[in-house]
Structure formats: C-alpha cells, structure tokens
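S.K.: This is the structure I want to talk about, given as structure tokens.
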Amino acid sequence: MQNFPSLNTNTDTNLQSELSTLNLGPTHPATHGVFQNVLQMDGERIVSGVSTIGYIHRAFEKIAEHRPFYQITPLTDRLNYCSAPINNMGWHMTVEKLLGISTPKRVDYLRVIMMELARIADHIICNGVLGVDTGAFTGFLYMMEYREAIYEIYEEVCGSRLTTNVGRLGGFERNFNDIAFAKIRKFLADFPKVLHEFESLFNRNRIFIDRTRGVAPVTQEAALDYSWSGPILRATGVDYDVRAMNPYCSYEDFDFEVPVGTTGDVYDRFLVRNEEMKQSMRMIQQALDKIEKEDPNIFHADVPEFYLPPKEEVYNNMEALIYHFKIVMGEIPTPVGEVYHSVEGANGELGFYLVNDGGRSPYRLHFRRPSFINYSMYADMSRGMMLSDAIINMSSLNVIAGELDA
-16 MQNFPSLNTN TDTNLQSELS TLNLGPTHPA THGVFQNVLQ MDGERIVSGV STIGYIHRAF
44 EKIAEHRPFY QITPLTDRLN YCSAPINNMG WHMTVEKLLG ISTPKRVDYL RVIMMELARI
104 ADHIICNGVL GVDTGAFTGF LYMMEYREAI YEIYEEVCGS RLTTNVGRLG GFERNFNDIA
164 FAKIRKFLAD FPKVLHEFES LFNRNRIFID RTRGVAPVTQ EAALDYSWSG PILRATGVDY
224 DVRAMNPYCS YEDFDFEVPV GTTGDVYDRF LVRNEEMKQS MRMIQQALDK IEKEDPNIFH
284 ADVPEFYLPP KEEVYNNMEA LIYHFKIVMG EIPTPVGEVY HSVEGANGEL GFYLVNDGGR
344 SPYRLHFRRP SFINYSMYAD MSRGMMLSDA IINMSSLNVI AGELDA
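Start counting the sequence shown at -16; every next residue gets the next number (the numbering used here).
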C-alpha cells in the first residue's frame, strides 16, 4: 500500500495550530459533480478528509429488477453521461452474452466507431476541464466545438445527443446513413490538427506543468490495491486495457497501442488521455475500412425473438406484430444463469454482473462503475496536499457523479 503524505506534527507544546473544517462540495463548482469532501485544514493544507457520496443515488440496480432487458438501456445512459454509447453497448453485449447472441462483424465495427467517438468526447471534457482548473479556458472552448461534431454524429445515428439510448440487443435500430458516415470522415480529417494544437497549448506550458507534474503521484501497487482501471491506472505504467486483455466486439481485429505513463501523476493522466484520443481515431479509421468489405445492409443480428421489428412491419405483418408483443410483454423465456461482461469505458473497466432467473427482468444486476472505484482513493491521496492541488487531482480523476452514485 502506498504511503500518502501527511503533515508533520510539531512536538513543541508551545506551538499549536488550529485546524478548520472545510466543506468541499456537494455544490462547489470545482467538484464538477454532486459529491462532498469534509476536509480538516491547516491553513491551505489538507490534514485529513472524508468523502461523502450518494447525493444523486437513483437506485438504478433496483429499478432494473423491474424492467425488461431492453428498457434498462436508458438507465445506463445516466451513468457516465459523457460517454453514454459505451454504457449502452456494454449492457447490450452483457445480455447478448446471456442469450448466446452472436453479432455480425459489421455490427461490431459500427459499435467500435460509436464507442471510440464516445471515448474521444469524454476525454475532450476531462482534459479540457483540467485546463480550466489550472487557469486556461481557451483549450476547453476550442475543443468543445469537436465534441459538438461528435454529438451531431450521434444525432444522425440515433436522434439523441447526450443520453443516447443507442443500439438494440443484437445491433442497431437502424442502419447508418450516408450523412453519418460523411460526418465521421470529416471529423477524422479535422480533429487531428485540433488535438495537436490543444497539446501545443498545454504539453510544454510552464504554468500547466508546474500545476500538474508531480501532483498526486500514485504507484502501480497502490493503484492495483484500490482496483483502479482506465487511463488513471495506465498513467502509473500498468498497461491494462479491457479492449486488449479481454477483447470484445471484434477489437482483436484492430491494430492499436495502449498508452502508459510512468509516475501516475496528474500530468501523466493528461498525456495518456490525449494519446488515447489518437488511438481512438486510428481505430475508427480502421473500422471504416473494414465496413466497406461487409454487406452494407446488415446492422443487426438475426434474432427475431429479441430484436424489435420495424414499426411499419408491425402495422402490416401479423408475424411481426406477434414478435413485437412477445418481446415487449416478456413472453419469450430467457436462460437461467449469471454472466459478467466488461468493456473499456472512458474512465476504466465498466462491468455488468447479471443474474437471471429466466424471467423478463434481471433477478439481480450490478454495475461495476469505474468512477465509484477510482474515487475511493481520493481522501487518502489528498492528505498533506494543498487545497489547490486537490482540486486539480479531482479533475484528473474525471469523477462523473452519475457513475459514482448510480
């Protein structure tokens, strides 16, 4: 276990310090979410702290026990809402694992495109806000234009922007249109230059380096002891990535690298996320190339028992109407068992542990939420820090309140 810094106590009884209590949150703008830290302060330095969560707990896991599988997708939107498509598709793949559904390659590649776009959008927010918290607003505003471009792609695919509810069990509700593909290609053409300019603003900026390098370093051992995952684990030098270690959605067909850092400090986390955006663009381009070799009319698996038929067929075809009724009413039996499936979310390993008793809804469902697990070290990390450094550290963890509480 890593020994985090603490204040030296003066043994001279004539010198006494008076500690003050500071509430950092739950509504402080620097927390970027609704959660609280009760800090004991000696001037500007943190002596100790206690993290309090649960302010937006919505009982999603309990609600899921009373919803059919496909109606749980909107709940996953509201975990890490900065990269909702990853949550949606992670849930769909979990149910497909239970049901034994195998998806076509084109569906896998389309999912990779959506998930990697979501990862870029999430990292844009995290690294942009980290710049804001160190006093640089320009990079954040500049990059937001390209998060908007990603949201426009979402709109073409599913009609939504933030809480996407994208995809269905077995694939997608509809095929990608030509406008969607054109916008994806335009994004790949424009964004690399913008990301390079963003890095030029920060990577060698003396103020930014002084504020981030050496702040909140974490050893590999400490990160693993706390079950960290995602960019903040890789920033310590551990090259664990679910996409590479336990491939899903045909990620084994892609050529990509897993960026790692060395010290696990705030600066390394920033660099790792920037490099991950480059790797995501690389995978999106590969997916576009691979899709050209597949049947352009395929966008879902052939599983009529669990895939809702198109509305026009429901209105005009008796067999489609029957399937629609049986799926909605949960009349089709499902296997009894339990499965765990994980995907590489923007903040780390996002897992779904599903226990099924054969009914129309899960018997039990648990979300492995990376923000919840990654945040568990925050109070210990903050001990001995200046308050200003603790704010920067929190930004670099990218704690999303919806994913923290569920």
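Every residue, glycine too, gets a C-beta built ideally from N, C-alpha and C.
Remember, it's a predicted structure, so these values are computed and weren't measured experimentally.
Can you tell me whether ALA132 is buried or exposed, with buried defined as 16 or more other CB within 10 angstroms of its CB?
M.R.: buried
S.K.: Which residues in the same chain as MET369 place their Cβ atom closer than 7 Å to its Cβ, once the five residues preceding and following it in sequence are excluded?
M.R.: GLU27 and ARG28
S.K.: Considering only residues of the same chain and omitting the five flanking positions on each side of GLY8, which have a CB-CB separation below 7 Å?
M.R.: Annotation for GLY8: THR14, PHE18, GLN19 and ASN20 place their beta carbon closer than 7 Å to its own, counting only its chain and skipping 5 residues before and after.
S.K.: Determine the closest residue to GLU258 out of ILE215, ASP272 and ASN300, with distance taken between C-alpha atoms.
M.R.: ILE215
S.K.: By a C-beta neighbour count over all protein chains shown, 10 Å radius and 16 as the cutoff for buried, is THR318 buried or exposed?
M.R.: Checking the sequence, you will find Pro at residue 318 rather than Thr. Classification of PRO318: exposed, given that the 10 Å Cβ count is below 16.
S.K.: Who are the Cβ neighbours of GLY122 in its own chain at under 7 Å, not counting the five residues just before and after it?
M.R.: For GLY122, the CB contacts under 7 Å within the same chain, skipping 5 residues up- and downstream, are GLY111, GLY114, PHE181, LEU184 and PHE185 in chain order.
S.K.: Pull up the distance between the alpha-carbon of THR86 and that of GLU277, whole angstroms please.
M.R.: C-alpha separation (whole angstroms): 13 Å.
S.K.: Give me, in chain order, the residues of the same chain whose beta-carbon lies closer than 8 Å to that of TYR38; leave out the 5 immediate sequence neighbours on both sides.
M.R.: PRO9, VAL17, PHE18, GLN19, ALA384 and ASP388
S.K.: As an exercise, report each continuous alpha helix (DSSP H) stretch of at least 4 residues that is fully enclosed by the region 41 to 125, in chain order.
M.R.: Listed in chain order, they are 43 to 47, 56 to 60, 67 to 82 and 88 to 116.
S.K.: Tell me, please, which residues DSSP counts as bridged to SER3.
M.R.: MET24
S.K.: Determine the burial state of GLY213: buried for a count of at least 16 other Cβ atoms within 10 Å of its Cβ, exposed for fewer.
M.R.: buried
S.K.: Can you look up GLU327 in the DSSP assignment and give me helix, strand or coil?
M.R.: strand
S.K.: Between the Cα of GLY153 and those of ILE107, PHE52, THR246 and ARG226, spot the shortest distance and give me the residue it belongs to.
M.R.: The candidate whose alpha carbon is nearest that of GLY153 is PHE52.
S.K.: Ignoring anything shorter than 4 residues, give me the alpha helix (DSSP H) runs that lie fully in the region 326 to 367, in order along the chain.
M.R.: 353 to 357 and 361 to 365
S.K.: Using DSSP with H/G/I as helix, E/B as strand and the rest coil, what is ARG189?
M.R.: In the structure shown, the three-state DSSP call for ARG189 is helix.
S.K.: Less than 8 Å between the C-beta atoms of THR146 and ALA67, yes or no?
M.R.: yes
S.K.: Given a cut-off of 8 Å, decide if ARG102 and ALA284 are closer than it, judged by their beta-carbon atoms.
M.R.: no
S.K.: Are the beta-carbon atoms of PRO293 and TYR306 separated by less than 8 Å?
M.R.: No, Cβ-Cβ distance for PRO293 and TYR306 is not below 8 Å.
S.K.: Here's the rule: buried if 16 or more other CB atoms are within 10 angstroms of the residue's CB, otherwise exposed. What is ARG168?
M.R.: exposed
S.K.: Are at least three pairs of beta-carbons, each pair with one atom in the region 236 to 249 and one in the region 219 to 226, less than 8 Å apart?
M.R.: In short, these stretches touch, since the Cβ pair count reaches three.
S.K.: Where does ALA384 sit, in a helix, a strand or coil, going by DSSP?
M.R.: helix
S.K.: Can you find the residues in the same chain that come closer than 8 Å, C-beta to C-beta, to LYS166, ignoring five residues on each side of it along the sequence?
M.R.: ALA132, GLU135, ILE136 and GLU139
S.K.: Give the C-beta separation of PHE335 and TRP74 to the nearest angstrom, bearing in mind that I take them to be a contact with Cβ-Cβ under 8 Å.
M.R.: 6 Å
S.K.: Would you tell me roughly how many angstroms separate the C-alpha atoms of GLU321 and ARG347, rounded to the nearest one?
M.R.: 9 Å
S.K.: Is DSSP giving ASN(-7) helix, strand or coil here?
M.R.: Since pLDDT at ASN(-7) reaches only 49, below the 50 mark, its modelled position is unreliable, and no value is offered.
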